[in-house]
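One structure below.
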Amino acid sequence: MTFKEFNFKDTLNQAINDAGFTEPSPVQKDSIPIILEGLDMIGQAQTGTGKTAAFGLPIIQMMDGKSKVEALVIVPTRELAMQVSDELFRFGKTAGLKTATVYGGTSYNRQIDRIEQANIIVATPGRLQDLLKSKKIDIKPKFVVLDEADEMLDMGFLDEIKNIFTYLPKDRQTLMFSATMPKQIKLLAQQILNNPKSVTITKSERTNTNIAQKFYVVADYERDDALLRLIDYKNPSKCIIFCRMKKEVDRLSSYMTSQGFKVAALHGDMEQKQREHTIRSFKQGLVEIFI
Numbered sequence: 590m591t592f593k594e595f596n597f598k599d600t601l602n603q604a605i606n607d608a609g610f611t612e613p614s615p616v617q618k619d620s621i622p623i624i625l626e627g628l629d630m631i632g633q634a635q636t637g638t639g640k641t642a643a644f645g646l647p648i649i650q651m652m653d654g655k656s657k658v659e660a661l662v663i664v665p666t667r668e669l670a671m672q673v674s675d676e677l678f679r680f681g682k683t684a685g686l687k688t689a690t691v692y693g694g695t696s697y698n699r700q701i702d703r704i705e706q707a708n709i710i711v712a713t714p715g716r717l718q719d720l721l722k723s724k725k726i727d728i729k730p731k732f733v734v735l736d737e738a739d740e741m742l743d744m745g746f747l748d749e750i751k752n753i754f755t756y757l758p759k760d761r762q763t764l765m766f767s768a769t770m771p772k773q774i775k776l777l778a779q780q781i782l783n784n785p786k787s788v789t790i791t792k793s794e795r796t797n798t799n800i801a802q803k804f805y806v807v808a809d810y811e812r813d814d815a816l817l818r819l820i821d822y823k824n825p826s827k828c829i830i831f832c833r834m835k836k837e838v839d840r841l842s843s844y845m846t847s848q849g850f851k852v853a854a855l856h857g858d859m860e861q862k863q864r865e866h867t868i869r870s871f872k873q874g875l876v877e878i879f880i
């Protein structure tokens with residue numbers, strides 16, 4: 590199956606070609622026809638299955654591009670908001686569609702200005718609820734997506750999500766994606782979805798099946814040396830290291846820098862501008878190691 594079989598408009602086909610897509614992933618193949626029919630949907634799919642294109646492409650296909658804020662995507666974190674917004678911008682730019690990314694830690698006024706110009710909003714629950722409750726924005730999206738719903742549940746955003754939906758029009762198409770389906774997510778789906786179709790992607794159908802996972806048992810005092818040996822041996826062009834605590838991120842960042850590596854650190858105590866600069870530097874290849 591190819592994307593041409595979905596009969597997307599020319600501008601969207603151009604964006605798909607520019608993105609280097611050749612054939613739809615399982616979640617895209619199963620979800621896109623349902624969404625194009627205008628039906629609500631609940632999709633159980635892991636990260637790495639191509640979810641953003643699965644909902645983004647059909648939504649952009651159905652948007653008229655004239656109405657402001659036709660689509661709203663709610664995600665758990667600001668980093669994911671930026672990632673999803675970037676991808677939707679790539680899909681929609683050939684049709685002249687604009688996206689706005691909404692999250693905490695930045696100027697309200699600047700975000701409101703962007704929302705007023707946008708066709709698509711990608712938002713985190715806390716800041717979106719603040720803007721709606723304070724009546725700083727009034728949006729009537731035709732399409733609403735709740736992405737990584739179980740992550741939002743784990744982060745304690747369930748009440749915010751329920752409250753946000755009280756501000757949204759009843760006449761809408763709603764899509765929910767979640768890697769797992771705990772009881773509270775199923776109950777939420779019953780409240781916000783209307784006779785939804787279901788799509789489930791098994792682990793064997795994930796798109797990132799070429800990832801090999803290994804673990805090494807290392808004594809605490811040997812970790813730094815072991816990490817250096819591993820990086821020297823593998824010689825990766827880019828490397829991401831996760832740490833358990835913020836102070837460990839700072840310590841390891843200083844250590845790896847002292848060993849001659851180009852390093853960028855990221856954690857929650859950093860200013861948002863600094864976080865964005867760090868992510869951008871890593872994406873552009875200006876740093877080798879992202880901690």
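For the sequence shown, the working numbering assigns the number 590 to the initial residue and increments by one for each residue that follows.
The beta-carbon is built from N, C-alpha and C at its ideal position, and this holds for glycine as well.
Owing to the predicted nature of the structure, the values given are computational and were not obtained by experimental measurement.
When DSSP reads this structure, G645 sits in no beta bridge, so it has no partner.
As the crow flies, the alpha-carbon of N602 is around 14 Å from that of L677. With a beta-carbon spacing of about 11 Å, S767 and D743 fall beyond the 8 Å limit used to define contacts. Under the three-state reduction of DSSP, K786 is assigned to strand. Within the same chain, Cβ atoms closer than 7 Å to the Cβ of V838 are found at C832, A854, H856, I880, the five residues on either side in sequence being excluded. Under the DSSP assignment, M765 falls in the beta strand (DSSP E) whose first and last residues are 762-767. Counted as a single uninterrupted DSSP element, the stretch harbouring G609 is not any alpha helix (DSSP H), since DSSP gives it neither H nor E.
At the C-beta level, I663 and K786 stay beyond 8 Å of one another. The C-beta distance from R703 to A689 rounds to 4 Å, short enough to fall under 8 Å. In terms of Cβ geometry, V658 and I728 form a close pair [threshold 8 Å]. Remark: C-beta atoms of E877 and K827 approach each other more closely than 8 Å.
Cβ neighbours of G654 within its own chain (closer than 8 Å, five residues either side excluded): A684, G685, L686, N708. Residue environment for D821: exposed (fewer than 16 other C-beta atoms within 10 angstroms of its C-beta). Restricting attention to T763, T791, R869, the CA atom closest to the CA of N783 is found in T763. For F597, the three-state secondary structure derived from DSSP is coil. One Cα belongs to M765, the other to Q802, and the distance between them is close to 29 Å. Shortest Cα-Cα distance from M590 to any of A604, F610, D599 involves F610. If you look at T846, you'll find it in the alpha helix (DSSP H) that goes 835-847.
Taking all protein chains shown into account, Y692 has 16 or more neighbouring C-beta atoms within 10 Å of its C-beta and is therefore buried. Taking a contact as a CB-CB distance under 8 Å, the pair R716 and A608 does not count as one, their CB atoms being some 28 Å apart. Exclusion of the five residues before and after K682 leaves A604 as the residues of its chain whose Cβ lies within less than 8 Å of its Cβ.
Here A815 is exposed, its C-beta having fewer than 16 other C-beta atoms within 10 Å.
Counting the other Cβ atoms within 10 Å of the Cβ of Q617 gives 16 or more, which makes it buried. Shown here, T755 sits in a helix according to DSSP, grouped into three states. By the Cβ neighbour-count rule, F595 is buried, with 16 or more other Cβ atoms within 10 Å of its own.
Nearest in C-alpha terms to Q861, of all of Q848, D619, G874, S696, is S696.
Separation of K725 and L661 (C-alpha to C-alpha, rounded to the nearest whole angstrom) is 16 Å.
Here DSSP, grouped into helix, strand and coil, assigns Q635 to coil. Here DSSP, grouped into helix, strand and coil, assigns M630 to strand.
In the displayed model, T688 falls within a strand according to three-state DSSP.
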